[in-house]
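For the numbering used here, add 63 to where a residue sits in the sequence shown, where the first one is 1.
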Amino acid sequence: MTETAKMCTVRLAVIPAAGLGTRFLPATKSIPKEMFPIVKRPAIQVIAEEAQGSGITDFVMVTGRTKGAILDHFDRAPELEAVLERDGKVDVLSAVIEPTHLMNMTSTRQHQALGLGHAVLAARPIVGDRPFAVMLPDDLVQGEQPYLRALIDAHEATGKGVVGIMEVRPDEVSSYGIVQATERADGNYDISDMVEKPDPADAPSRLAIVGRYVLPSRVFELLEQTTPGKGGEIQLTDALCALAKEEGMIGVPLSGVRHDTGNVEGYITANVAYALNDPSVGPGLKQRLQQMLGDEDS
Ligand code: UTP
């Protein structure tokens, strides 16, 4: 066990992965978007690696119909492994086994996609009364340090619920949960209120919530009381808004680059960004992109 994991009070992360992924239809008709590759790893593995680097040891995967492949990815594959072993493909074999070592995995089902808040609530019987992380698998954060770790540090220092935040353009505020916050001496923010997808004129700031959270179990009681909000869904932001008003929350500014892989353009951009950083494909891809963009300009 690493030193980080020993000190860590937040060891469990809930991954809500039961959404319908309608922006990717027809691809998501039978394949979970969480299994779409980022270069050669599925997006959900990139999330699991950030979690492990942050000291998380246990995952609660909230899934639904068509999401079975996510759980298979974190399980052993004896037939495949036997073939790779027989053929002496040692590197591929270890890449196939690696995800099984990342986490202890538990899963639960959200029977109907009634919103992110509803998905988080589905994990309540497993989480119980301990503080826990929530990681949205659509949000990939590419950086030097695992971003979730900074949120866990802020929780350990203050005992409060924590959200990831980033500054967005004025025309983007209506796509995000937006916080009302004041900067602290340590560079984080004290959050007193938040609103889901506000009109730009009503937005309390341009600080948007990123898909990383560290939450007290109190949030489950608040979710129980939350009625369907925007889009008829039970919104996590509505419960967090109540939590922020009740006891305050902390916002930790994004470190690194965030890719929203829940939309097609963001997903393709993420793949290009990760691939350019990968020595096995980066140089060739760079050359091809330069050719393509050069051809377009001429
Ligand atoms: P999104 O609304 O961005 O994802 O939810 P979606 O619903 O899957 O995609 P679209 O909008 O139809 O294209 C953010 C996160 O919350 C999860 C999603 O899986 C995603 O990780 N989620 C959302 C649930 O687990 N259950 C829900 O009912 C809704």
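Backbone N, C-alpha and C fix where the C-beta goes; we use that ideal spot for every residue, glycine too.
Just so you know, these numbers come straight off a predicted model, no measurement behind them.
Member of the options whose CA lies at the smallest distance from the CA of residue i
{"i": "P105", "options": "V159, P141 and A145", "result": "V159"}
{"i": "M124", "options": "V273, P342, V73 and T171", "result": "T171"}
{"i": "V335", "options": "I101, V242 and L299", "result": "I101"}
{"i": "T54", "options": "L88, A114 and I119", "result": "A question about residue 54 goes unanswered here, because the residues of the chain that appear run from 64 up to 361."}
{"i": "F122", "options": "L83, Q173, G84 and V197", "result": "V197"}
{"i": "S255", "options": "P263, P261 and T245", "result": "T245"}
{"i": "R193", "options": "G178, G222, E207 and R247", "result": "G222"}
{"i": "I228", "options": "A248, S343, P209 and Y276", "result": "Y276"}
{"i": "I110", "options": "T129, L83, V231 and V77", "result": "V77"}
{"i": "G292", "options": "G319, V320, K260 and P267", "result": "K260"}
{"i": "C304", "options": "G224, G206 and V204", "result": "G224"}
{"i": "L199", "options": "T163, E97, L306 and A213", "result": "E97"}
{"i": "D323", "options": "P316, V315 and A333", "result": "A333"}
{"i": "L203", "options": "R74, P342 and V320", "result": "V320"}
{"i": "E230", "options": "S318, S117 and N167", "result": "S318"}
{"i": "Q108", "options": "P162, A213 and T85", "result": "P162"}
{"i": "P263", "options": "G345, G294, G151 and V236", "result": "V236"}
{"i": "I190", "options": "Q298, E284, K92 and Q353", "result": "The sequence shown places Val at residue 190, rather than the Ile named in the question. Nearest of Q298, E284, K92 and Q353 to V190, Cα basis: E284."}
{"i": "T129", "options": "H136, T91, E144 and D154", "result": "T91"}
{"i": "D138", "options": "S117, D150, G206 and N167", "result": "N167"}
{"i": "G274", "options": "T289, L299, T290 and Q288", "result": "L299"}
Residues that residue i bridges to, as DSSP identifies them
{"i": "R172", "result": "T126"}
{"i": "P100", "result": "P105"}
{"i": "M355", "result": "Its beta-bridge partners do not exist; DSSP assigns none."}
{"i": "I160", "result": "Paired residue(s): none; I160 is not in a bridge."}
{"i": "Q205", "result": "V320"}
{"i": "M166", "result": "DSSP lists no partner for M166."}
{"i": "P79", "result": "V125"}
{"i": "G314", "result": "V226 and Y252"}
Residue j beta carbon less than 8 Å from that of residue i
{"i": "A186", "j": "G127", "result": "no"}
{"i": "G180", "j": "D265", "result": "no"}
{"i": "L211", "j": "E112", "result": "no"}
{"i": "I272", "j": "G250", "result": "no"}
{"i": "L286", "j": "F195", "result": "no"}
{"i": "G311", "j": "D216", "result": "no"}
{"i": "L147", "j": "L156", "result": "yes"}
{"i": "L306", "j": "R269", "result": "no"}
{"i": "E296", "j": "L177", "result": "yes"}
{"i": "G325", "j": "D234", "result": "no"}
{"i": "Y337", "j": "F99", "result": "no"}
{"i": "A182", "j": "Q175", "result": "no"}
{"i": "P95", "j": "A132", "result": "yes"}
{"i": "K349", "j": "L356", "result": "no"}
{"i": "R86", "j": "V327", "result": "yes"}
{"i": "A213", "j": "V315", "result": "yes"}
Check: residue i C-beta below 7 Å from any heavy atom of ligand 3
{"i": "A307", "result": "Ligand 3 is absent from the structure shown, which contains only ligand 1."}
Write down every uninterrupted run of the beta strand (DSSP E) in the region 260-287 whose length is 3 residues or greater and which is fully enclosed by it, in chain order.
Qualifying beta strand (DSSP E) stretches, in chain order: 270-278.
If you scan the region 210-245 from start to end, which runs of the alpha helix (DSSP H) of 4 or more residues do you find wholly inside it?
Whole alpha helix (DSSP H) segments, 4+ residues: 210-221.
Whose beta carbon lies closer than 6 Å to any heavy atom of ligand 1, going through the chain in order?
The answer, residue by residue, is P79, A80, A81, G82, L83, G84, T85, R86, V125, Q173, A176, L177, G178, L179, H181, A182, L199, P200, D201 and G325.
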